[in-house]
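Read through the structure below, which is laid out as structure tokens, and then see the notes.
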Amino acid sequence: GALVYQYPRRTICKSGTSMRMECQAVGFQATSVAWYRQSPQKTFELIALSTVNSAIKYEQNFTQEKFPISHPNLSFSSMTVLNAYLEDRGLYLCGARRDWGASETLYFGSGTRLTVL
Amino acid sequence: GEQVEQLPSILRVQEGSSASINCTYENSASNYFPWYKQEPGENPKLIIDIRSNMERKQTQGLIVLLDKKAKRFSLHITDTQPGDSAMYFCAARTSSGQKLVFGQGTILKVYL
Chain S
105 GALVYQYPRR TICKSGTSMR MECQAVGFQA TSVAWYRQSP QKTFELIALS TVNSAIKYEQ
165 NFTQEKFPIS HPNLSFSSMT VLNAYLEDRG LYLCGARRDW GASETLYFGS GTRLTVL
Chain H
8 GEQVEQLPSI LRVQEGSSAS INCTYENSAS NYFPWYKQEP GENPKLIIDI RSNMERKQTQ
68 GLIVLLDKKA KRFSLHITDT QPGDSAMYFC AARTSSGQKL VFGQGTILKV YL
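In the order they appear, the protein sequences are chains S and H.
Residue numbers for the first sequence follow my numbering, so the first one is 105 and each next one is one higher.
Residue numbers for the second sequence follow my numbering, so the first one is 8 and each next one is one higher.
Right, dumping it as structure tokens:
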């Protein structure tokens with residue numbers, strides 16, 4: 105089955121500092137990678153979608169200036185949370201989609217739980 | 008709109024009984040509907056999905072139904088066990104976009 109490794113699993117940062125999380129697809133080529141955030145007591149909000157050969161598309165309320173994403177190849181993506189504050193805490197998930205036949209399945213990494221002090 | 012509404016938010020059932028979670032979506036172009044199970048401290052895991060060319064799908068004690076006219080889909084867990092206790096999320100995706108929109112989640116608690 106498809107595997108998506110995401111690290112770190114947990115991170116704590118001081119208010120105003122930044123932290124970077126990484127996502128690695130294993131055994132398949134991730135033609136698109138979606139970054140989601142699950143804030144406490146909330147559902148998953150899409151931050152941005154990165155598709156091969158297309159510009160990274162950010163959702164409303166999320167910007168490249170705050171959440172820069174790198175997707176240099178078909179197996180790796182990273183996202184940084186710049187100047188993290190309390191409202192940025194939550195579980196960040198990368199989801200990788202592979203094009204294999206008609207597969208539309210989104211495989212999630214283990215998530216990075218961000219605590220902001 | 009793109010919203011996905013999911014109910015109930017909390018569901019308590021006795022072991023051995025069935026549990027049903029319902030979702031409605033707004034975008035009639037949605038054509039793919041996965042369900043995810045998330046255990047405490049873990050990432051969500053895909054448990055079953057259904058595409059718009061189907062009305063029903065069943066696997067290992069899970070049944071999903073899709074009513075495209077009503078823009079409604081549901082998950083039914085038969086013979087629930089304590090291990091089924093978790094958070095469940097429905098989602099919908101359109102054919103034109105690559106974006107999955109999630110429901111608000113349902114906390115399922117199976118008691119003895």
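For glycine and all other residues, C-beta sits at the position ideal for the given N, C-alpha and C.
Taking the CB atoms as reference points, tell me whether residue i and residue j lie closer together than 8 angstroms.
{"i": "Arg79(H)", "j": "Thr31(H)", "result": "yes"}
{"i": "Gln110(S)", "j": "Ser214(S)", "result": "yes"}
{"i": "Arg124(S)", "j": "Arg217(S)", "result": "no"}
{"i": "Gly199(S)", "j": "Arg141(S)", "result": "no"}
{"i": "Ala98(H)", "j": "Gln45(H)", "result": "no"}
{"i": "Leu197(S)", "j": "Phe180(S)", "result": "no"}
{"i": "Pro176(S)", "j": "Leu186(S)", "result": "no"}
{"i": "Asp56(H)", "j": "Thr135(S)", "result": "no"}
{"i": "Ser35(H)", "j": "Gln111(H)", "result": "no"}
{"i": "Thr184(S)", "j": "Ser122(S)", "result": "yes"}
{"i": "Leu153(S)", "j": "Lys106(H)", "result": "yes"}
Apply the 10 Å Cβ neighbour rule to residue i and answer buried if 16 or more other Cβ atoms are within range, or exposed otherwise.
{"i": "Gln10(H)", "result": "exposed"}
{"i": "Ala206(S)", "result": "Bear in mind that a pLDDT of 48 at Ala206(S), under 50, signals an unreliable position, so the model cannot answer this."}
{"i": "Val156(S)", "result": "exposed"}
{"i": "Asn50(H)", "result": "buried"}
{"i": "Ala159(S)", "result": "exposed"}
{"i": "Gln164(S)", "result": "exposed"}
{"i": "Leu107(S)", "result": "exposed"}
{"i": "Ser37(H)", "result": "buried"}
Please report the straight-line C-alpha distance between residue i and residue j, rounded to a whole angstrom.
{"i": "Ile151(S)", "j": "Glu22(H)", "result": "38 angstroms"}
{"i": "Trp204(S)", "j": "Arg100(H)", "result": "Because the pLDDT of Trp204(S) is 49, which lies under 50, any placement of that residue in the model is unreliable, and the question is left without a value."}
{"i": "Ala138(S)", "j": "Tyr118(H)", "result": "35 angstroms"}
{"i": "Gln13(H)", "j": "Lys118(S)", "result": "35 angstroms"}
{"i": "Thr85(H)", "j": "Lys146(S)", "result": "27 angstroms"}
{"i": "Tyr189(S)", "j": "Phe40(H)", "result": "34 angstroms"}
{"i": "Ile116(S)", "j": "Lys161(S)", "result": "27 angstroms"}
{"i": "Asp191(S)", "j": "Asn29(H)", "result": "Note that residue 191(S) corresponds to Glu in the displayed sequence, not to Asp. Cα-Cα distance, rounded: 30 angstroms."}
{"i": "Phe96(H)", "j": "Leu115(H)", "result": "11 angstroms"}
{"i": "Lys76(H)", "j": "Val108(H)", "result": "19 angstroms"}
{"i": "Ala26(H)", "j": "Ser182(S)", "result": "38 angstroms"}
{"i": "Gly120(S)", "j": "Lys170(S)", "result": "12 angstroms"}
Does residue i get closer than 8 angstroms to chain A when you measure Cβ to Cβ?
{"i": "Arg202(S)", "result": "Of the chains in the structure shown, none is chain A; the protein chains are S and H."}
Using 8 angstroms for Cβ pairs, my map puts residue i next to residue j. What's the rounded Cβ distance?
{"i": "Arg63(H)", "j": "Leu69(H)", "result": "Going by Cβ atoms, the distance from Arg63(H) to Leu69(H) rounds to 11 angstroms, so no, they are not a contact pair."}
{"i": "Arg202(S)", "j": "Phe132(S)", "result": "4 angstroms"}
{"i": "Val20(H)", "j": "Thr87(H)", "result": "5 angstroms"}
Task: Secondary structure, beta strand (DSSP E): runs of 3+ residues fully inside the stretch 168-209 of chain S - done: The stretch 168-209 of chain S contains these whole beta strand (DSSP E) runs: 173-177, 180-185 and 194-202.
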